[in-house]
Amino acid sequence: MLKKINPILGPDVLFILREMGHGDQIALVDGNYPASAHATKLIRADGIELIPLLDAILDILPIDEGTDAIVRAINVTKKSGTDPIHNAIEKTCKNYKLTAIPLDADSFYKRVKNAFAVIATTERSLYANVILTKGVIFPT
Numbered sequence: 068m069l070k071k072i073n074p075i076l077g078p079d080v081l082f083i084l085r086e087m088g089h090g091d092q093i094a095l096v097d098g099n100y101p102a103s104a105h106a107t108k109l110i111r112a113d114g115i116e117l118i119p120l121l122d123a124i125l126d127i128l129p130i131d132e133g134t135d136a137i138v139r140a141i142n143v144t145k146k147s148g149t150d151p152i153h154n155a156i157e158k159t160c161k162n163y164k165l166t167a168i169p170l171d172a173d174s175f176y177k178r179v180k181n182a183f184a185v186i187a188t189t190e191r192s193l194y195a196n197v198i199l200t201k202g203v204i205f206p207t
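Under the numbering used here, read the sequence shown as residues 68 to 207, first letter to last.
Below, the structure is given as structure tokens:
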């Protein structure tokens, strides 16, 4: 255990977050996502749901200032593209004064395949996938 770091963040996740540089992307994906097929670096987060993991990561990871620094999947079977999990993603991001932008399925898959790493959760909600772009910490 470490002080001030959520214990949901295991050593593999912390290592990857630290290893990432400005502009690198990390994808957090649900239990149905083909993570092994799409990941350059895969971290298993079995037993962990998406929202607690997203919250823990946003608490320590600087997010880029670009307008699409956080993107989320959409439900391709719905006209609105939004499910309760997407509302939860947006609410979690809003807690950090950030915005999650919906992204079409093809663009989302391409980004995951180019991501620095993928964390595969056991989230049961469908289309519960989000990509974060690492920002910088400016000198004081």
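Every residue gets a Cβ at the ideal spot worked out from N, C-alpha and C, and that includes glycine.
Please read these numbers as outputs of a predicted model, since none were measured by experiment.
Next on the checklist: Considering Cα atoms alone, identify which of Val80, Gln92 and Leu81 is closest to Gly202.
Outcome noted: As a position in the sequence shown, residue 202 is number 135, starting the count at 1. Comparing Cα positions, the closest option is Gln92.
Next on the checklist: DSSP has Lys201 in a bridge; who is on the other side?
Outcome noted: Taking the sequence shown and counting its residues from 1, the one referred to as residue 201 is at position 134. Looking at the DSSP assignment, Lys201 forms a beta bridge with Ile130.
Checklist entry - Secondary structure at Arg191, three-state DSSP: helix, strand or coil? => result Sequence index remark: in the sequence shown, residue 191 carries index 124 (1-based). Residue state, collapsed to three classes: coil.
Item to check | Between the CA atoms of Leu76 and Leu104 - distance to the nearest angstrom | outcome: Taking the first residue of the sequence shown as position 1, residue 104 is located at position 37. Taking the first residue of the sequence shown as position 1, residue 76 is located at position 9. Sequence check: residue 104 is Ala here, not Leu. C-alpha separation (whole angstroms): 23 Å.
Checklist entry - Taking the DSSP output, what are the residues bridged to Pro169? => result Here residue 169 refers to the residue found at position 102 when the sequence shown is read from its first residue. Bridge pairing for Pro169: Arg139 [DSSP].
Checklist entry - In this structure, does DSSP put Leu109 in helix, strand or coil? => result The residue labelled residue 109 in the question sits at position 42 within the sequence shown. DSSP, read as helix, strand or coil, puts Leu109 in strand.
Next on the checklist: Please state whether the Cβ-Cβ distance between Ile168 and Val143 is less than 7 Å.
Outcome noted: Translated into positions along the sequence shown, residue 168 becomes position 101. Translated into positions along the sequence shown, residue 143 becomes position 76. No, they are not a contact pair.
Checklist entry - Do the CB positions of Leu109 and Val185 come within less than 7 Å of each other? => result Position 42 of the sequence shown, counting from 1, holds the residue named residue 109. Position 118 of the sequence shown, counting from 1, holds the residue named residue 185. It is a contact, given that the beta carbons lie within the stated cut-off.
Checklist entry - Grouping DSSP H, G and I as helix and E and B as strand, with all else coil, what is Ile118? => result One-based indexing of the sequence shown puts residue 118 at position 51. Looking at Ile118 - three-state DSSP - the assignment turns out to be helix.
Next on the checklist: Taking the alpha carbon of Ile204 as the reference point, which residue from Ala155, Val96 and Arg85 has its own alpha carbon closest?
Outcome noted: If you number the sequence shown from 1, residue 204 lands on position 137. When only C-alpha atoms are compared, the closest one is Arg85.
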